[in-house]
Every structure is written in C-alpha cells, then in structure tokens.
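Peer 1: Per numbering that gives the first Met the number 0, the sequence shown starts with residue 0, numbered consecutively. I'd like to ask some things about the structure below.
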Amino acid sequence: MFGKKTAVIYFSRSGVTRSLVEKFPLEEGDRTIELIPSDPYPKSYFKTLARAKVEIEGNADVGLENGKQDLGLYNRILIGFPIWFWTCPKIIKSFLTENDLRGMTIYPFCTSGGIDITEAVDEIKRNADGATVKKGMRFRKYSEEALKKWLEQ
Ligand SMILES: Cc1cc2nc3c(=O)[nH]c(=O)nc-3n(C[C@H](O)[C@H](O)[C@H](O)COP(=O)(O)O)c2cc1C
C-alpha cells in the first residue's frame, strides 16, 4: 500500500471494520488477514456485550483459529478492530502474543461508536514486545488522504 509491503490484520464482529479494510488501496504483495475467534461471537449484540465484558475485565485469552502468521515479509503491519469497552477486543492481545513482532512496525486503527483509540494503543504497546507502535487512527469514515497521511508518520 502506497509503495510499502503492508499486512492488514483485523478483527470485525459486525462488519464495520471489514468494510473499512475493503476500501484500503491494496497493491500486489500486500495482504489482509481477518482474525477468526475459535469460538465465534454471538449474533446478538447484548450477548456479545456480556461475553466481551467478562473477557476484558478478566484479561482473558481468546482463542484464535488463525493466530500464528508469517509476517516477516512486510514493512508494516496494520492492526484494526472495533473498540470494545474503551479498548481493543482481547482477540487482538491473543494475536500479538502468538506472534513474534520484534522489530516490526505496527499501525493500530479502529472503528467505534465514538470512543477514540488511545486506550487500545496503550493495550497494544503492553503486548507487542520489541515492536514499534505508531500513533493510532480512528476511522469515522474512509478517506484515502487520511489513511496516507497517517501511514506517513
Ligand atoms: C462488545 C462491544 C463493546 C463496544 N464498546 C464500545 C465502546 O466502549 N465505545 C464505543 O465507542 N463503541 C463501542 N462499541 C461499538 C463498536 O466499536 C462499533 O460498532 C464498531 O464500529 C463495530 O465494528 P465491527 O462491525 O467491525 O465489529 C462496542 C461494540 C460491542 C459489540
């Protein structure tokens, strides 16, 4: 993307983050990976809220179908997710701890109902040993110009 090999890793329960990623201008050599929980989240928003609350408050390990990835080829790793309870879903921590991200550059991004990405970036920094974690970006709507500017930081 924009001339650098980019892996876009994301989790999306209800499709908002997925639709955002689908708009990113990927180029040959880039890759997107949707993180799939071993135990899928319920369709019901309220049941999902209840489960996510327990996971976040208990700092739970959420199982991943496709946790381990070969990311050595990429110049930058974008990690996207919905904000859940002011932070990132625990599946993001599982991804970070299952992979060796030392020396890599991570760009966190999110969608949300209104909350910004600050707390989620702190959580990512705590779990991405040896990686450089850049400034996060909350997308209200897709803008190629905003995406490009954020990636140039
Ligand atoms: C379990 C859960 C917790 C959420 N917590 C927040 C929150 O704390 N702040 C916020 O602004 N939005 C919150 N939301 C809204 C989502 O961040 C928002 O709808 C997001 O765009 C959904 O993305 P997705 O469709 O890719 O899953 C929450 C949604 C769910 C399901």
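C-beta atoms are modelled at their ideal positions from N, C-alpha and C, and glycine is treated no differently. A quick note: this is a predicted structure, and the numbers were derived from the prediction, not measured.
In three-state terms, what does DSSP make of Glu97?
Peer 2: Reduced to three states, the DSSP call for Glu97 is helix.
Peer 1: In the DSSP assignment, the alpha helix (DSSP H) including Glu226 goes from what residue to what residue?
Peer 2: Limits of the chain in this structure are 0 at one end and 152 at the other, which puts residue 226 out of reach.
Peer 1: Mind checking which residues open and close the beta strand (DSSP E) that includes Glu151?
Peer 2: Segment: none, Glu151 is in no beta strand (DSSP E) and carries neither H nor E.
Peer 1: Would you check whether ligand 1 has a heavy atom nearer than 8 Å to the C-beta of Lys89?
Peer 2: It does not: the Cβ of Lys89 is nowhere closer than 8 Å to a heavy atom of ligand 1.
Peer 1: Considering only the alpha carbon of each residue, which of Thr5, Leu34, Ala119, Ile55 lies closest to Leu72?
Peer 2: Measuring from the Cα of Leu72, the nearest candidate turns out to be Thr5.
Peer 1: Phe80 bridges to which residues according to DSSP?
Peer 2: In DSSP, Phe80 forms a bridge with Cys109.
Peer 1: Under 6 Å Cβ to Cβ from Lys92, same chain only, skipping five residues before and after it: list those, please.
Peer 2: Answer for Lys92: Asn126, listed in chain order.
Peer 1: Give every residue of the same chain whose Cβ lies closer than 8 Å to the Cβ of Arg101, excluding the five residues on either side of it in the sequence, and list them in chain order.
Peer 2: So the list reads Asp128, Gly129, Ala130, once near-sequence residues are dropped.
Peer 1: Check each candidate in Leu19, Lys134, Lys22, Ala119 and name the one with the smallest Cα separation from Ile90.
Peer 2: Among Leu19, Lys134, Lys22, Ala119, the Cα nearest to that of Ile90 belongs to Ala119.
Peer 1: Pair every Cβ in the stretch 18-37 with every Cβ in the stretch 49-56, then say whether three or more of these pairs are closer than 8 Å.
Peer 2: Segments in contact, no.
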